[in-house]
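Q:
Residue numbers (full-length UniProt numbering): 1 to 394.
#1: Residues in the same chain with beta-carbon distance under 6 Å from residue 264, minus the five sequence neighbours each way, listed in chain order, please.
#2: For residue 401 and residue 231, I'd like the C-alpha separation in whole angstroms.
#3: I'd like to know whether the C-beta atoms of residue 354 and residue 284 end up nearer to each other than 9 Å.
#4: What is the C-beta distance between residue 298 and residue 363, in whole angstroms, given that I count them as a contact (C-beta under 8 Å)?
#5: Would you report the Cα separation of residue 352 and residue 186, rounded to the nearest angstrom?
#6: Suppose the cutoff is 8 Å on Cβ atoms and the five residues either side in sequence are ignored; what does the same chain contact list for residue 349 look like?
#7: Of the choices 341, 310, 269, 309, whose alpha-carbon is the least far from that of residue 324?
#8: With distance defined between alpha-carbon atoms, name the residue in 260, 322, 360 nearest to residue 346.
#9: Would residue 48 pass as a contact of residue 6 if the rule is Cβ separation under 9 Å?
#10: Count the CB pairs spanning the region 257 to 271 and the region 207 to 217 that are closer than 8 Å, and state whether there are at least three.
#11: For residue 220, which residues in the same chain have their Cβ closer than 8 Å to its Cβ, ignoring the five residues on either side in sequence?
#12: Run through DSSP, which three-state label would residue 7 get?
#13: Measure the alpha-carbon distance for residue 189 versus residue 222 and round it to whole angstroms.
#14: DSSP three-state call for residue 175: helix, strand or coil?
#15: So is residue 118 buried or exposed if we call it buried at 16+ other beta carbons inside 10 Å?
#16: Quick one, which of 200, 256, 195 has its alpha-carbon nearest residue 217's?
#17: For residue 288, which residues from the same chain have a beta carbon less than 8 Å from its beta carbon, with the 5 sequence-adjacent residues on both sides left out?
#18: In terms of alpha-carbon separation, which member of 202, 65, 11, 192 lies closest to residue 32?
#19: Which value, in whole angstroms, describes the spacing of the CA atoms of residue 214 and residue 227?
#20: Measuring straight from C-alpha to C-alpha, what distance separates residue 174 and residue 371?
#21: Mind checking whether residue 168 and residue 337 have CB atoms under 9 Å apart?
#22: Quick check on the burial criterion: 16 or more other C-beta atoms within 10 angstroms. Buried or exposed for residue 204?
#23: Under 7 Å Cβ to Cβ from residue 272, same chain only, skipping five residues before and after it: list those, please.
#24: Skipping 5 residues on each side, what residues in its chain have a beta carbon closer than 7 Å to that of residue 13?
#25: Just to check my reading of the structure: residue 44 and residue 4 have Cβ atoms closer than 8 Å, yes? What is that Cβ distance to the nearest angstrom?
#26: Tell me the DSSP secondary structure of residue 1 in three-state form.
#27: Residue 366: which of 65, 308, 294 sits nearest, CA to CA?
#28: Rounded to the nearest angstrom, what separates residue 121 and residue 132 at their Cα positions?
#29: Going by beta carbon distance, what residues of the same chain come within less than 6 Å of residue 85, once the five residues before and after it are set aside?
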């Protein structure tokens, strides 16, 4: 516009100078050319004026639109700040819950360790009882061997019955050794279970620490969002788009971290539940096998008790017959032999009674153990159902 006005002024001055000079044909042509150029410049000036007016109108409309749009943007920013504050409070609550879960996990670990200690003490007591039973069986075997030797020398007691009792005591000794071996295996299994429990608790603590780190990161992101929005609100709306993009990137990264944490927790829980379910199934099968063995053992003990009772009745009948013979005896030598036989028979009966009491006590112990196995089996089934429900929920 300024250039067009300058050219117009130059053309006007040139036209004025030419009008005062000679009016030759060449000057007339120059004046006409300059007049056309002047008209052209005036047309350009009008076009420039109209274009400038249009731009000014558009700028005024843009300013008005920006003012109209600033009000809902400010309202949206306020709502976003409130939402971020709520998210910050939620993250703080989640952090408190994670701390509580960590404390609960530590308490559970201590309780499991105490329970493992109690089970270990119980296993040691059972192992000690098995060792004592083994020593008792050894003593009985030695005593029976000496009694066998003395009876063979005196010819008073029955060798078949002594051999049967000797075999019975050997069987009891083997059973005591087997029980001791079973106790050792059970102690090793309990130790393995305790190690697995410690490993699971360490995984839980690791997940809780990772969750606490993610929550702390989310808290920092929320605080950064609030601070950036406050700064953008104070400095104007020019940097609002850049701040929003940056905050969006931070939110995306935070959501990725939370999603990865959720995947890790779900995978760990699934792996743990699968391992627990498999272990419980194996333990249930082992308990069923043990129950069958105990049932067979109780049945065999019943047969042994019946045999011992029949042997006791036979010995009593022999003792009565010897007493009758003693009354009918006439010579002192035969009386002394019968007396020795009666004493041997009484000792044999006392041994049989002691063995019968021992077998009865072992039967009671086996019955108690069977009841304990049944209770443990029911508890394991309940655990399996609970783990299955927990797995379905996960």
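Just so you know, even glycine gets a beta-carbon here, dropped at the ideal spot from N, CA and C. The model shown is predicted, which means the values in this text are computed figures rather than measured ones.
A: According to the structure shown:
#1: Counting from one through the chain shown, the residue named residue 264 turns up at place 264. Same-chain partners within the cutoff: there are none.
#2: A question about residue 401 goes unanswered here, because the residues of the chain that appear run from 1 up to 394.
#3: Counting from 1 along the chain shown, the entry for residue 354 is found at position 354. Counting from 1 along the chain shown, the entry for residue 284 is found at position 284. Contact flag unset, no.
#4: Here residue 298 refers to the residue found at position 298 of the chain shown. Here residue 363 refers to the residue found at position 363 of the chain shown. 7 Å between Cβ atoms; contact.
#5: Here the question's residue 352 lines up with position 352 in the chain shown. Here the question's residue 186 lines up with position 186 in the chain shown. Roughly 33 Å between the two C-alpha positions.
#6: Stepping through the chain shown from its first residue, residue 349 is reached at position 349. These residues qualify, in order along the chain: 312, 315, 316, 319.
#7: As a working mapping, residue 324 is identified with position 324 in the chain shown. Nearest option by C-alpha distance: 341.
#8: Translated into positions along the chain shown, residue 346 becomes position 346. Measuring from the Cα of residue 346, the nearest candidate turns out to be 322.
#9: Stepping through the chain shown from its first residue, residue 48 is reached at position 48. Stepping through the chain shown from its first residue, residue 6 is reached at position 6. It is not a contact, given that the beta carbons lie outside the stated cut-off.
#10: yes
#11: As a position in the chain shown, residue 220 is number 220, starting the count at 1. Around residue 220: no qualifying Cβ.
#12: Sequence index remark: in the chain shown, residue 7 carries index 7 (1-based). If DSSP states are grouped into helix, strand and coil, residue 7 belongs with the helices.
#13: Start at 1 with the first residue of the chain shown, and residue 189 comes out as number 189. Start at 1 with the first residue of the chain shown, and residue 222 comes out as number 222. Near 49 Å, if we compare the C-alpha coordinates of residue 222 and residue 189.
#14: Here residue 175 is taken as the residue at index 175 of the chain shown, counted from 1. Reduced to three states, the DSSP call for residue 175 is helix.
#15: Looking up residue 118 in the chain shown gives position 118. That one is exposed.
#16: The count along the chain shown starts at 1 and reaches residue 217 at position 217. Measuring from the Cα of residue 217, the nearest candidate turns out to be 256.
#17: In the chain shown, counting from the first residue as 1, residue 288 sits at position 288. Taken in chain order, the residues that qualify are 377.
#18: Your numbering for residue 32 matches position 32 in the chain shown. Nearest option by C-alpha distance: 11.
#19: Within the chain shown, residue 214 is the residue found at index 214, counting from 1. Within the chain shown, residue 227 is the residue found at index 227, counting from 1. Each residue's alpha carbon lies about 20 Å from the other.
#20: The residue labelled residue 174 in the question sits at position 174 within the chain shown. The residue labelled residue 371 in the question sits at position 371 within the chain shown. So the alpha carbons of these two residues sit roughly 24 Å apart.
#21: Within the chain shown, numbered from 1, the residue matching residue 168 stands at position 168. Within the chain shown, numbered from 1, the residue matching residue 337 stands at position 337. No, Cβ-Cβ distance for residue 168 and residue 337 is not below 9 Å.
#22: In the chain shown, counting from the first residue as 1, residue 204 sits at position 204. Result: buried.
#23: Walking along the chain shown from the start, residue 272 turns up at place 272. So the qualifying residues of the chain are 200.
#24: The residue you call residue 13 lines up with position 13 of the chain shown. So the list is empty, once near-sequence residues are dropped.
#25: Counting from 1 along the chain shown, the entry for residue 44 is found at position 44. Counting from 1 along the chain shown, the entry for residue 4 is found at position 4. Residue 44 to residue 4, Cβ: 5 Å. Contact.
#26: Reading the chain shown from its first residue, position 1 is the one you call residue 1. Here residue 1 sits in coil by DSSP.
#27: Within the chain shown, the letter at position 366 stands for residue 366. Considering only alpha carbons, the answer is 294.
#28: What you label residue 121 is simply residue 121 of the chain shown in a count that begins at 1. What you label residue 132 is simply residue 132 of the chain shown in a count that begins at 1. Taking the straight line joining both Cα atoms gives about 16 Å.
#29: Mapped onto the chain shown, residue 85 falls at position 85. Taken in chain order, the list of residues that qualify is empty.
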